[in-house]
Amino acid sequence: MIPTFVIALREGVEASLIVGIIAAFLVREGRQDTMRQMWAGVAVAVALCVGIAVILRVIGEQLPQREQEGLETVIGLIAVAAVTYMIVWMRRNARGIKKVLEGNAANALASGSTMALVGMAFLAVLREGFETSVFMLAAFQDASDTTAAGAGAVLGLVAAVAIGLGIYRGGVRLNLTRFFRVTGLILVFVAAGLLATSLHTAHEAGWFDSLQGQALDLTWLVQPGTISGSLLTGMLGLQPTPTVGEAAIYLLYAVPMALYVLWPDRLRLRPLARARRQPARPAGAESPA
Amino acid sequence: MIRIPVRLSLTAAVFGLAFAAAGCGSSSEDVPTGAKKLSFKLTDDGCVPHSASAPAGPILFEVENAGTSAVTEFEVLEGDSVLGEKENLAEGLSGSFSLDLEEGKYTIYCPGGSTERGALTVGEAS
């Protein structure tokens with residue numbers, strides 16, 4: 009049961025996380041009206057993936073692995089752009105938020121952006137959906153013990169959805185400034201992971217063969233076949249043995265973006281003249297978040 | 062209200078069609094007659110056997126997880142380039158794919174195993 013649980017969890021948790029954060033974001037922005045559209049998009053994506061997986065099985069075809077990896081790469085890169093946009097938007101608005109009454113920020117998010125997020129929820133599900141659906145069917149039909157394998161796979165997906173739901177609930181309850189800071193930071197690592205994963209899938213699609221040497225051994229942290237390993241790979245895009253290219257692109261994205269999100273407002277670059285008048289602040293004296 | 066789901070499902074349909082078309086186009090999954098069959102098991106030790114050989118031409122790779130949670134993937138590489146793979150093979154699952162390989166040296170790769178890489182030697186066509 010555990011082996012299929014772990015794979016279903018890994019495949020499902022990324023989409024669940026992204027949909028959860030988008031849902032919380034839309035609600036915090038007072039755009040409950042778009043929730044129905046978001047769910048419609050998610051439902052269509054699920055139906056599409058399951059439908060195609062069933063058709064492939066009925067006609068006895070395999071999932072075209074290269075094309076599927078290519079699709080994951082393209083959607084992954086779109087997701088990185090969308091998530092980066094969310095991070096920047098949150099960072100900008102976290103500062104001015106005290107002046108604006110909570111919920112009144114609805115107008116700040118243009119409806120075009122809202123639609124982009126709704127579309128992103130759809131794509132996030134589509135991205136892992138094909139592979140997950142094919143895997144689920146295999147667990148139910150091909151496994152040596154289909155009951156255990158099927159149950160494990162279903163429970164893995166349920167756990168993934170529960171995590172997304174938990175993030176949504178937490179996101180709706182947190183105070184807005186903190187919500188922006190916390191989700192902003194989570195999203196930085198999610199996006200960095202997506203970027204590294206996209207490089208990985210691009211390699212498997214046959215598009216990118218450089219920098220494939222092993223950079224690190226993270227098997228002590230990301231243990232293959234364990235629940236924690238699945239969560240780290242699924243949510244943060246950490247591979248047990250990342251290649252040089254994957255590690256480099258992860259850090260190149262994560263480090264500057266994390267600094268951007270965490271940099272205290274008071275230490276922002278200001279005109280030199282003003283800065284000179286103020287005494288140097290001792291290191292570590294940050295503004296209360 | 063209704064507009065967006067329609068647009069979404071259109072996008073979905075386009076993606077779906079593209080995907081289905083891609084699937085039909087690369088019907089490499091149909092096992093060619095006379096394909097040489099190579100069977101591998103995924104174990105904690107990696108792909109077993111660690112090395113294999115076959116004559117040039119169509120080769121069917123049959124992969125079965127023989128009870129490991131560390132390895133769930135099997136790849137065939139040429140240099141650093143992935144030629145074919147099977148993912149998400151949990152314990153008790155098996156899968157197959159076929160490749161048409163020319164004479165040369167290839168790598169079989171089972172990430173997570175204690176011996177991750179093995180050799181596939183493809184000789185002259187028989």
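Line by line, the protein sequences are chains A and B.
With this note's numbering as the guide, the letters of the first sequence map in order to residues 9 to 297.
With this note's numbering as the guide, the letters of the second sequence map in order to residues 62 to 187.
Quick reminder that beta carbons are idealized off the backbone N, C-alpha and C, glycines included.
Residue(s) in a DSSP beta bridge with residue i
i: A:I95; result: A:I95 is not bridged to any residue.
i: B:D161; result: B:P119
Classification of residue i by the beta-carbon crowding that lies within 10 angstroms, buried from 16 upward
i: A:V66; result: exposed
i: A:S295; result: Annotation note: pLDDT 47 at A:S295 (below 50); position unreliable, coordinate value reported separately. Exposed, since its Cβ has fewer than 16 Cβ neighbours within 10 Å.
i: A:V198; result: buried
i: A:I63; result: exposed
i: A:R18; result: buried
i: B:L138; result: buried
i: B:Y167; result: buried
i: A:A32; result: buried
i: A:V196; result: buried
i: A:Q149; result: exposed
i: A:Q40; result: exposed
i: B:N149; result: buried
Residue of the options minimising C-alpha distance to residue i
i: A:R186; options: A:A159, A:V269, A:L207, A:V169; result: A:V269
i: B:A96; options: B:G174, B:V143, B:G107, B:P116; result: B:P116
i: A:T241; options: A:A61, A:D153, A:A16; result: A:A16
i: A:L239; options: A:L260, A:G172, A:E37; result: A:G172
i: B:K98; options: B:E123, B:T104, B:V109; result: B:E123
i: A:V96; options: A:F188, A:T205, A:H211; result: A:F188
i: A:N101; options: A:R36, A:F138, A:A146; result: A:R36
i: A:G214; options: A:Y258, A:Q76, A:G237, A:L184; result: A:Q76
i: A:A89; options: A:G164, A:L125, A:P272, A:V50; result: A:L125
i: A:G84; options: A:V263, A:S206, A:L193, A:A146; result: A:S206
i: A:V190; options: A:I10, A:I29, A:A23, A:M9; result: A:I29
i: A:F130; options: A:D225, A:L182, A:V27; result: A:V27
i: A:W228; options: A:T154, A:M265, A:Q247; result: A:Q247
i: A:M243; options: A:W271, A:V263, A:A168; result: A:A168
9 Å Cβ cutoff met for residue i and residue j
i: B:F101; j: B:E125; result: yes
i: A:A223; j: A:A256; result: yes
i: A:A161; j: A:T12; result: yes
i: A:L25; j: A:L79; result: no
i: A:L34; j: A:M46; result: yes
i: A:Y93; j: A:S119; result: no
i: B:A113; j: B:L181; result: yes
i: A:L219; j: A:G253; result: yes
i: B:G156; j: B:G128; result: no
i: B:C171; j: B:V143; result: no
i: A:P232; j: B:S175; result: no
i: A:F138; j: A:L71; result: yes
i: A:M9; j: A:A204; result: no
i: B:C108; j: B:G179; result: yes
Short CB-CB distance (under 9 Å) between residue i and chain E
i: A:V198; result: No chain E is part of this structure, whose protein chains are labelled A and B.
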